[in-house]
Amino acid sequence: METRSAKRKKYWSEGENGIDRISDLPDVVLHQILFHLPIKSIAQTSVLSKRWRSLWSSFPDLDFTSINPIGVASTNAPNTKSSIKNKRLLLCPHSFSVKRLDFISQVLAFRDKQSDLRILRFRAPLSFSRLNGLIRLAVRQNVQELDVEVATDDYFNFPRSVLTSESLRVFKLRSRYPGFRLLPPSVMKDGFQSLHTLSLSLVILYDQPTLSDLFTDSSFPRLKKLNLDACFGLKQLKVSCLALEEFTLENCFQLHGLDVSGAKLKTLQVASCFDAYCDKSWVKINAPSLRVMVWEYNAITENSSLENLVSAHEASIGFFVLNEDFSVTKLRSVSNLLSALSRLHTLTLEGQCVEVLSSRNYIANLMHPFDQLKSLELQTGFNKHNLPGLAYLFKCSPALHTLILKILNDYKIEQRKWNKDLWDMPSSEEQFWESQSQALKPLLNNLSVVKIHGFLECENEVSLAKFLLKHGKALQEITLFSGHCNYRDYLRRQKIRSQLMGFSRASSNAKIEFL
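Per full-length UniProt numbering, the very first residue in the sequence shown carries number 1; after that it's consecutive.
Structure (structure tokens):
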């Protein structure tokens, strides 16, 4: 009697009429279908027939990350014999990783030697010798994309065999612990002639704190994407690859100097970088094709020189400020950075940007206006100390269409104390905004959409909303996201809302909505 599993196998290979239609499909089509399955499921198809064994041995995209990635354990599996065995392996990670690596090694060893390897991805705790062995096997099979995440017992050196690969186009190496060292620059810069994507994470550079001659056009003539993360010991970095289009630098806390130039660079992201205690830090950027710039949670450098950002369209800027270190030199550096982005259409200011702009030492007349800015998003603590910075940003954005204000939670408890009789007499905040009405006239003639998140009907927030409703000539809609409140505050908030609605009907045609 034919079992169910035999029937399923027969149907898979022969179909309803006993004709094997699937196996007649071209290899490239079947490979594409198999690509969407986990690696173990693909391997199991090799038992169907010689045809499927051939497909498995020539399968070009080997992704082993579905086999229990590093630090991932299955806790919801039923208590079958198989699951109990897997749990025992998880309790002994060394044994489990050896079995997993043996499987990867066997698959690479038994592949069809005439079939090139397109993709190899794996995550595993392993020794450096094991890592080198797997990478050498992949390089011999002309691998094009190599994506590796490892955890080792000790520091290891960058795999030398990668340098000699002529087929490799994408190389991603991430170390979970403890990190890896680069080879000497004289060795590193002789390879990578065909590489177009490089991603390195947890690099130990205490012996090579300056990388000024590695990421050059001669070393990486075809490099389009570069991602460097957690480069410990890195103090100075220069990137000048002419073909580079995307560059990301993250978590380099000891960085003193950064020099980036590229005629084709379109996207630049730098986050959580620079030494906040360094008094000679600097950044230099020259990118005429740059469209998007992300500069978040970086310490303010002593000097900023950004040139030829004539194509910049969108940016997100944020700073990490240590003990409110608003020295004149650093504030001038902030002005230089923002002035270089004066052609933006979309700008997001995060972190402590508004606090910096509100500093008494801020040299406001050094920053160029954002004449083409259409959308501005501000993430800040909305208090009376930040009003000068907000007003200055509004003044520098005469053509603004959309304003999004996100009030940070840290300041809301303090603001609730300021809720008094908001309508009996003009508050100091209202008087401040009224004093700015003439200077902000260009903005008020163009601003169409306003969204305020975290609106708790506090004095600062209400004063700004009333000012915009009163003077906004082009204002069409204002949305106030107030969130939940307790019952005690409900009646007070309803009263303020009704008064704002009445103020809107009296002073503006704008639609006002509470969410």
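A virtual CB, placed ideally from N, CA and C, is assigned to each residue, including glycine.
This one's a predicted model, so the numbers in the text were calculated from it and none came from an experiment.
query	result
In its own chain, which residues sit with a C-beta less than 6 Å from the C-beta of L258, not counting the 5 before and 5 after it?	L237 and V283
Identify the residues that DSSP records as bridge partners of W282: which are they?	G257 and N303
Mapping DSSP to helix, strand and coil, what is N386?	helix
Pick from L376, S219 and I285: whose alpha carbon is nearest that of V187?	S219
What is the rounded straight-line gap between the Cα of S194 and the Cα of V270?	25 Å
On a CA-only basis, which of K280, I119, I135 and L173 is nearest S105? Give me that one, please.	I135
Using the three-state DSSP reduction, which class does A439 fall into: helix, strand or coil?	coil
Which word fits I39, buried or exposed, when buried means at least 16 other C-beta atoms lie within 10 angstroms of its C-beta?	buried
Which full runs of the beta strand (DSSP E) of 3+ residues lie inside the stretch 121 to 188, going along the chain?	145 to 151 and 170 to 177
Pull up the CB-CB distance for L378 and V354, whole angstroms please, since I reckon it's below 8 Å.	6 Å
Taking buried to mean at least 16 other C-beta atoms within 10 Å of its own C-beta, is V239 buried or exposed?	buried
With a threshold of 16 other CB atoms inside 10 Å of the CB of I33, please say whether the residue is buried or exposed.	exposed
Since I believe L168 is in contact with Q141 (beta carbons under 8 Å), could you give me their beta-carbon distance rounded to a whole number of angstroms?	That belief does not hold up - the Cβ atoms of Q141 and L168 are roughly 11 Å apart, past 8 Å.
Where does S463 land, buried or exposed, given buried means 16+ other C-beta within 10 angstroms?	buried
Helix, strand or coil: which one does DSSP assign to T45?	helix
Just list the residues that DSSP pairs A271 with in beta bridges.	E250 and E296
I believe V450 touches I478 by the beta-carbon criterion, under 8 Å. Please report the beta-carbon distance rounded to the nearest angstrom.	4 Å
Starting from K495, follow its DSSP beta bridges and name the residues at the other end.	According to DSSP, which records beta bridges pairwise, K495 is partnered with nothing at all.
DSSP state of L205, grouped into three classes?	coil
Taking buried to mean at least 16 other C-beta atoms within 10 Å of its own C-beta, is H36 buried or exposed?	exposed
DSSP beta-bridge partners for Q236?	T210 and G257
Is L200 helix, strand or coil when you go by DSSP?	strand
If we ignore side chains and look at the alpha-carbon of each, how far apart do A243 and S115 end up?	30 Å
As a quick exercise: from S58, L223, T152 and D153, pick the residue whose alpha carbon is nearest that of A109.	S58
Could you check what DSSP says for H453 in three-state terms: helix, strand or coil?	strand
Based on the DSSP secondary-structure assignment, which residues constitute the bridge partners of L62?	L120
Can you tell which of D61, R222 and P184 has its C-alpha closest to the C-alpha of Y206?	P184
What number of angstroms, rounded off, separates the C-alpha of C278 from the C-alpha of L500?	49 Å
Would you identify the three-state DSSP class for E245, choosing helix, strand or coil?	coil
Tell me the DSSP secondary structure of residue 536 in three-state form.	Since the displayed the chain opens at 1 and closes at 515, residue 536 lies outside it and no answer follows.
Name the two residues that bound the continuous beta strand (DSSP E) containing A465.	Looking at the DSSP string, A465 is not in any beta strand (DSSP E); the run it does join, the alpha helix (DSSP H), is E459 to H471.
Which residues in the same chain have their Cβ closer than 7 Å to the Cβ of V28, if we skip the five residues on either side of it in sequence?	none
With a 10 Å radius around its C-beta and 16 neighbouring C-beta atoms as the bar for buried, classify S397 as buried or exposed.	buried
Using 8 Å as the threshold, is the C-beta distance between N298 and S327 below it?	no
What's the C-alpha gap between R291 and H345?	10 Å
On the DSSP bridge list, what partners appear for K225?	T197 and E246
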